[in-house]
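S.K.: Using the working numbering, the first residue of the sequence shown is number 226, and each one after it goes up by one.
The C-beta atom is built at its ideal place from N, Cα and C for all residues, glycine as well.
The structure displayed is predicted, hence computed values, not measured ones.
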Amino acid sequence: MTLLLIFILTHLLTDFVLQTDRLVARKRTGERLAMIHHGLIHLVVGVILLALCGQLIVLNMLSLVLLSLGHVLLDMGKQRLKALLPRGETVVFLFDQALHLSLIFVLALLVQPIRWLLLSPTDRVLGILITIVFTLWSAGILIGCLLEDLRLREIEPGLLQTSRPAIGRYIGYLERGLIAFFLLSGSIASLALLATFKTLARFRQLDDQAFAEYYLLGTLLSLSFGIAGSFMLRIFI
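1) Give the straight-line distance between the Cα atoms of L211 and V358, rounded to the nearest whole angstrom.
2) Does DSSP put M301 in a helix, in a strand, or in coil?
3) Per the contact definition of three or more C-beta pairs closer than 8 angstroms, is the stretch 275-293 in contact with the stretch 330-343?
4) On the three-state DSSP scale, how would you describe C370?
5) Taking only three categories from DSSP, how would you classify L238?
6) For P338, name the three-state secondary structure that DSSP assigns.
7) By Cβ distance, which residues of its chain are closer than 8 angstroms to L237, with the 5 residues on each side in sequence left out?
8) Does the Cβ of R257 have 16 or more other Cβ atoms within 10 Å, making it buried, or fewer, making it exposed?
9) Return the residue from the list L292, E314, T347 and R349 that minimises the CA-CA distance to F330.
10) If you draw a straight line from the C-alpha of A250 to the C-alpha of A259, how long is it?
11) What is the DSSP secondary structure of L228, counted as helix, strand or coil?
12) Taking 9 angstroms as the threshold (beta carbon to beta carbon), is Q280 in contact with chain D?
13) Can you tell me the Cα-Cα spacing of G302 and S447, whole angstroms?
14) Find out if the Cβ-Cβ distance for the pair I231, L351 is shorter than 9 angstroms.
15) Which class does S345 belong to by DSSP, given the choice of helix, strand or coil?
16) Would you kindly check if the distance between the Cβ of V317 and the Cβ of L306 is under 9 angstroms?
17) Can you say whether V242 is buried or exposed, counting buried as having 16 or more other CB atoms within 10 angstroms of its CB?
Next up, the structure:
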C-alpha cells in the first residue's frame with residue numbers, strides 16, 4: 226500500500242504543485258525537451274519520497290523509472306489529444322489522469338500487494354498529503370477546465386479580470402482548505418460566513434447574469450471538492 230501511495234503523491238506533486246506555468250506552456254507547444262524535463266522532476270520527487278518512506282530498494286526504483294518513462298509518453302499523447310479536442314479541456318484532463326492512475330496502480334500492484342484495510346502510520350501521512358494536494362491543487366485545475374468548457378454565455382469584458390490570476394488561484398486554495406477544515410471540525414456555521422464574505426467580494430459583479438451563473442458554478446464545484454477532501458481526510462486521520 227505504501228508504494229501505491231508514494232506513486233500517487235509523486236504524480237500529484239509533479240503534475241500540480243511543481244509544474245510551473247512556463248513548463249506547461251512549453252509542453253503545449255509539443256517541445257519534447259520540456260516533457261523529458263517534467264519526467265526527470267517526476268523521477269527525482271519519487272526517489273526522495275521512496276527514501277523518506279524507507280522504500281528505496283532496487284525493485285521499487287525500477288518501477289519508478291518505468292513510471293517516469295510512462296509519464297513522459299502519456300504527456301506526449303495528451304498534447305496530440307488536445308490538438309484533436311481543442312474545446313474539450315475537461316475530457317482530456319480526466320482521460321489523462323485516468324491513464325496516469327491506471328499505470329500507477331498496475332506498477333504498484335506488480336511490485337507490492339495492496340492491503341486497503343491495513344494502513345501504517347506512513348500510509349496515513351501519505352494519504353493526508355495526497356488529500357491536501359488533490360483538494361487544493363488538482364481540484365483547482367479541474368474546476369478551471371470545467372468552467373472553461375461549460376461557459377455557454379459570454380460574460381461582460383473585465384468581470385473575470387478584476388485581479389491577477391494567481392490571486393484568484395490562491396483564494397481557491399484557501400477556500401477549499403477552509404471548507405475541508407470547517408467540516409472536519411464540525412463548524413458548519415463557519416461555512417455560511419465564508420460564503421457571505423465571498424459573495425460580498427463579488428457583489429457588484431453579480432448584476433451580470435452570465436457572471437452570476439459562472440460564479441455560482443465555481444462556488445458549488447469548490448464546495449464539492451472541499452467536502453470530498455474532508456471525507457478523504459477522515460479516512461486517513
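M.R.: Concretely, from the data shown:
1) Only positions 226 to 462 of the chain appear in the structure, and residue 211 is not among them; the question remains open.
2) helix
3) Enough Cβ pairs lie closer than 8 angstroms, so yes.
4) In the structure shown, C370 sits in a helix (DSSP, three-state: H, G or I).
5) helix
6) Correct three-state label for P338: coil.
7) I355, V358, F359, W362 and S363
8) exposed
9) Residue L292 is the option with its Cα nearest to F330.
10) 9 angstroms
11) helix
12) The chain labelled as chain D is not found in the depicted structure, where only one protein chain is given.
13) 29 angstroms
14) yes
15) coil
16) yes
17) exposed
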